[in-house]
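The structure appears below as structure tokens.
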Amino acid sequence: MKSAFLTGIALLFSISVICQNLTQTVRGSIKDVDSRAPLIGATVIVTGFDPVKGTITDVDGDFRLENIPIGRISLLISYIGYEAKTISSIVVTSGKEVVLDLELQESATKMEEIVITAGVANGEAMNEMAMVSSRSISSEIITRIAGSFNDPSRIVSNYAGVAATQDGSNDVIVRGNSPKYVQWRLEGVEITNPNHFGDQSSVGGSISSLNNNLLSTSDFYTGAFSPEYGDVLSGVYDVKLRAGNNEQTESVFGFGLLGTDLTMEGPFKKGYDGSYLVNYRFSTASMIQDLGLLPDEVNGVPKFQDAAFKATFPTKRAGYFSLFGLGGYSSVLFKDVTPALWNTPGDRAMADEVREDFDKKSFLVNVGLNHTFTINKNSFINSTIAYSMDGIEDQVFELQQQKIYDENGQYLRDSTVSNDLNFNGRLMKTTYRAATTYHHKFGPKSKIQVGSKFAMFGYDYEQSRFDETPADRQTLVDFDENISTLRNFVSWKYRLTEDLTVVSGVHNMNVLYNSKSTLEPRVAVNWQMSDKSSIHAGYGKHSTMESVHNYFAKVDVDGNLIEPNRNLGLLKANHYVLGFKQQVAKNVTATVELYYQDLYDLPVENNDTSYYATINEGLEFRYIDLVNKGTGKNYGVEVTVERPFLNNYYFMVNGSLYQSKYKALEGVERNTQYNGNYLANVIFGKEVLHLGRNNNQTLGFNAKIFFGGGRKIIPLLRDESGSLTVDADNNQYWDYSKAYEHSIEDVHSVIVSINYKWDKPKATHELFLNLDNLTNTKGKLGEYYDESEPNSVGYLRQFGFFPNLMYRVYF
């Protein structure tokens, strides 16, 4: 017994020692940022260790650091003739290797250290051609910041100049522009709206099909885009997928209230550098409903599933291939839907005798193949072919109601008289893309990119609804058409000195369907005035096509349905940006950016008494005669003070004052509906390390406080005293003469998240609790007519308190 007892004590002690000394491998590659050539013999040092832990890169530019203690580390990367770089706050866990893809910039005149952090202030964009109105977003930031739900769509609303709708959707409103003008890209290729439950204008949606487990550091742009980006006015989110681990198999399993998912990655075979990375996720709520664990009266349970993958195939002579994909399917059925829940087409949901049921289904598929071929040490070509497909099926069933009263005239209940399919929509879009870009580095000061991108869109759209009776059905759109675009660009980066860099170029946009084209000059300058301050400025002309249903809208003219918009032109804008960045304290920077966007050739209704412009089109839409005679302007100032994640805490405070205006043919300058006038974010977080008996646990706390102006609305009809004057019998509800003059009220919210992580020898466990809108504030976002509400006015309100709990294990 004594021997067994002593053996047990020794075993427990050895386990304790193992737990206290958990380590992991940190490895990766280092390349030239311009030519993508591997840097042989670059030095990699883990700072803060005595004796020094370090290594050098091999003939392929790869490095490996073994037995690195779990926690957070910083790496100092240096190479002769190149600017040194420090990568800070790298998270090292026991459950997953750290694999880094790093780049160094060749020094133009001298060698100085540039500090790049992995925290919330993940400053400069990964694309070296982007120098204004841009930033990079790492997967760790998406995990950390409160309210992001590990959702890349939601994370961007934490930054200056970017607003969310506050109604629970994933819309991204950039500098007062419509969310439909945001361009989504995956692995450098344009993709469909990646949000489940999206609408036909690429807006809406509440859950992203993109999963943070697969993401690498991505770039987000808000204006004056570099020459390679075209067919976009508002913002660009260039999402990148990381490569899978090419040496060992790893997995992540997650279970949460929103979704349950599994991620797997690993090498194809031992000794080959190729790898796979794949994720599958499905709706937890739908699974609970299918098991019969939800009450029957629960309405509108969202059902979704999605999958994504990336496979890499490096070769010795043929170049580097990567195959990637993203797909998803979603559906939801709302019984007795009201405008507060979903904005269905038309105003009939406000009629007292009408009840609507809304059935929505959507899907998306994106698949692409990237190929990078190195010509020589200074040149390479990157080419892509891709296929996308997405579809939306919306059905609105109208139930005519009759009120039942007792013999004393007391209301008893509603009785359904009829159930008819009112609105019926089926939208299908397929896209084939091909692109190639030639990169050439002339030397440490100069680099050029020349590219061409072709896209062929196939549309099969059908939409109809009835006006007053089921027998009176109106066709809204009915077309099966192909539209092709060809875009070309040249981008030149020149470093006049180590501190002064210019990027200039031109983008050419061509719509082959109706022979519309533009030539769009772009230029950006960055001047590093000192170690602590810099100035940047940029100009760009940009253009984009309008949502395709507007081109083929059927309009009733004297009893005949015609399509007057087939020759609709491109929307255009001139973007101007001026910014200043200053280090105001140790590890704290302040950035001020002013912008002005001059919009013109906006499609507006061909009626000199109409307020209508397509830039206000969201979930509601109209099919009318349009002309490119509208104008608009967006301007504002953005201020950000931020401290990256260092010494276990971070913070960011930002604010924006802005205006977003437009003019239709009536000549009246109006707010766009997205003109919130101001927004402010206060974001902070703290980590406590080395908790628990074995010092292997971490507790994190993150919070966000948001203030912002409400969206501008079209109000209900009222008289001078404020009393409603709507005429429900004749479908007269809205006062269009006061379109977008005011919002109802400002909005605010408080979001708190807590995460707890503990490392074991073979796995890392994480528990997340996110409390969205902690104070359950339900600000008024819009209004609608409803006889059952006080004063017959119902309100679209801010999404209320929502807790989200998730558990993950990395193994």
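Read in order, the letters of the sequence shown correspond to residues 2 to 812 in the numbering used here. Glycine residues also receive a C-beta, built at the ideal position from the N, C-alpha and C atoms. All of these numbers come straight from a predicted model, not from anything done at the bench.
Three-state secondary structure assigned by DSSP to ARG145: ARG145 falls in the helix class under three-state DSSP.
ARG145 classed as buried or exposed, judged by whether at least 16 other C-beta atoms fall within 10 angstroms: Answer is buried; the Cβ neighbour count reaches 16.
Span of the beta strand (DSSP E) around ARG488: In the DSSP annotation of this structure, the continuous segment of the beta strand (DSSP E) that includes ARG488 starts and ends at 474 to 496.
Close-in-space but distant-in-sequence residues of the same chain around VAL175 (CB under 7 Å, 5 per side omitted): Counting only Cβ-Cβ distances below 7 Å, and skipping sequence neighbours, we find GLY162, VAL163, VAL183, THR223, SER235 and GLY236.
Assigned secondary structure, LEU215 (DSSP; H/G/I helix, E/B strand, else coil): In the three-state scheme derived from DSSP, where H, G and I count as helix and E and B as strand, LEU215 is classed as helix.
ASP168 and GLU107 closer than 8 Å at C-beta: GLU107 is positioned such that its CB atom lies no closer than 8 Å to that of ASP168.
Beta carbon of MET457 nearer than 8 Å to that of ASN489: In this structure, MET457 keeps its C-beta atom at 8 Å or more from the C-beta atom of ASN489.
Limits of the alpha helix (DSSP H) - the one that PRO153 falls within: Start and end: 153 to 156.
Neighbourhood of TYR460 by C-beta, 6 Å cutoff - its chain only, sequence neighbours within 5 removed: Excluding sequence neighbours, TYR460 sits near LYS430, GLU482 and VAL549.
Reduced DSSP secondary structure (H/G/I, E/B, other) of ARG567: Looking at ARG567 - three-state DSSP - the assignment turns out to be coil, as it is neither helix nor strand.
Span of the alpha helix (DSSP H) around ILE745: It is not in any alpha helix (DSSP H) - ILE745 carries neither H nor E in the DSSP assignment.
Residue of LYS32, VAL100, VAL53 and GLY55 minimising C-alpha distance to GLU84: Answer by Cα proximity: LYS32.
Same chain only: Cβ atoms within 6 Å of PHE581, ignoring 5 sequence neighbours per side: Closer than 6 Å at Cβ, skipping near neighbours: ILE536 and VAL593.
Contact check, VAL673 vs TYR659, beta carbons under 8 Å: According to the sequence shown, residue 673 is Thr rather than Val. For THR673 and TYR659, no; Cβs fall outside 8 Å.
ASP102 CB to nearest heavy atom of the ligand ATP below 7 Å: The model depicted lacks the ligand ATP and carries no ligand whatsoever.
C-alpha distance - ALA665 paired with SER611, whole-angstrom precision: Here the alpha carbons of SER611 and ALA665 stand approximately 7 Å from one another.
Backbone CA spacing between ASN575 and LEU595 [nearest angstrom]: Going from the Cα of ASN575 to the Cα of LEU595 covers about 14 Å.
Residue from LYS555, SER30, PRO52 and ILE138 whose Cα sits closest to the Cα of PRO39: It is SER30.
Beta-carbon proximity list for TYR796, same chain, < 6 Å, skipping 5 on both sides: Annotation for TYR796: LYS781 and GLU784 place their beta carbon closer than 6 Å to its own, counting only its chain and skipping 5 residues before and after.
Simplified DSSP state of ARG243, which is helix, strand or coil: Assigned with DSSP and collapsed to three states, ARG243 falls in coil, not helix or strand.
Backbone secondary structure at ASP51 - three-state DSSP: Of the three classes helix, strand and coil, the one that applies to ASP51 here is coil, per DSSP.
For ARG37, three-class secondary structure by DSSP: The three-state secondary structure of ARG37, taken from DSSP, is coil.
Supposed contact pair SER202 and SER154 - C-beta distance, whole angstroms, cut 8 Å: The beta carbons of SER154 and SER202 sit about 16 Å from each other, so the pair does not count as a contact at 8 Å.
Buried or exposed (CB count within 10 angstroms, at least 16 for buried), LEU294: Burial is judged here by how many other beta carbons sit within 10 angstroms of a residue's own beta carbon; LEU294 has fewer than 16 and is exposed.
CB contact check: SER389 to chain D, cutoff 8 Å: This model lacks chain D altogether, as it is built from one protein chain only.
Per-residue burial, PHE50 [other beta carbons within 10 Å of its own, 16 or more giving buried]: The residue in question, PHE50, is exposed, as its Cβ has fewer than 16 Cβ neighbours within 10 Å.
Local Cβ density within 10 Å of GLU114, reported as buried at 16 or more and exposed below that: Confidence in GLU114 is poor, its pLDDT being 43 and thus under 50, which makes the residue's placement too unreliable to answer from.
Selected residue, minimal CA-CA separation from VAL526, among GLY541, SER217, LYS533 and LEU520: Among GLY541, SER217, LYS533 and LEU520, the Cα nearest to that of VAL526 is on GLY541.
Contact between the stretch 212 to 221 and the stretch 128 to 142 (3+ Cβ pairs under 8 Å): Short answer: they touch.
Beta-ladder partner(s) of ASN171, from DSSP: According to DSSP, ASN171 bridges with nothing at all.
Rounded straight-line distance, which links the Cα of ALA591 to that of LYS533: Rounded to the nearest whole angstrom, the CA to CA distance from LYS533 to ALA591 is 10 Å.
Beta carbon of LYS1 nearer than 8 Å to that of HIS743: Any question about residue 1 goes unanswered here, given that the chain covers just 2 to 812.
LYS779 versus GLN799 - alpha carbon distance: LYS779 and GLN799 have their C-alpha atoms roughly 5 Å apart.
Residue of ALA435, GLU399, LYS758 and ASN648 minimising C-alpha distance to LYS687: Ranking the options by Cα distance to LYS687, first place goes to ASN648.
ASP760 beta carbon less than 8 Å from that of PHE803: The answer is no: Cβ separation not under 8 Å.
Contact set for GLN698: own chain, Cβ-Cβ below 6 Å, skip 5 residues either direction: Excluding residues within five positions, the ones whose Cβ falls inside 6 Å are LEU692 and TRP759.
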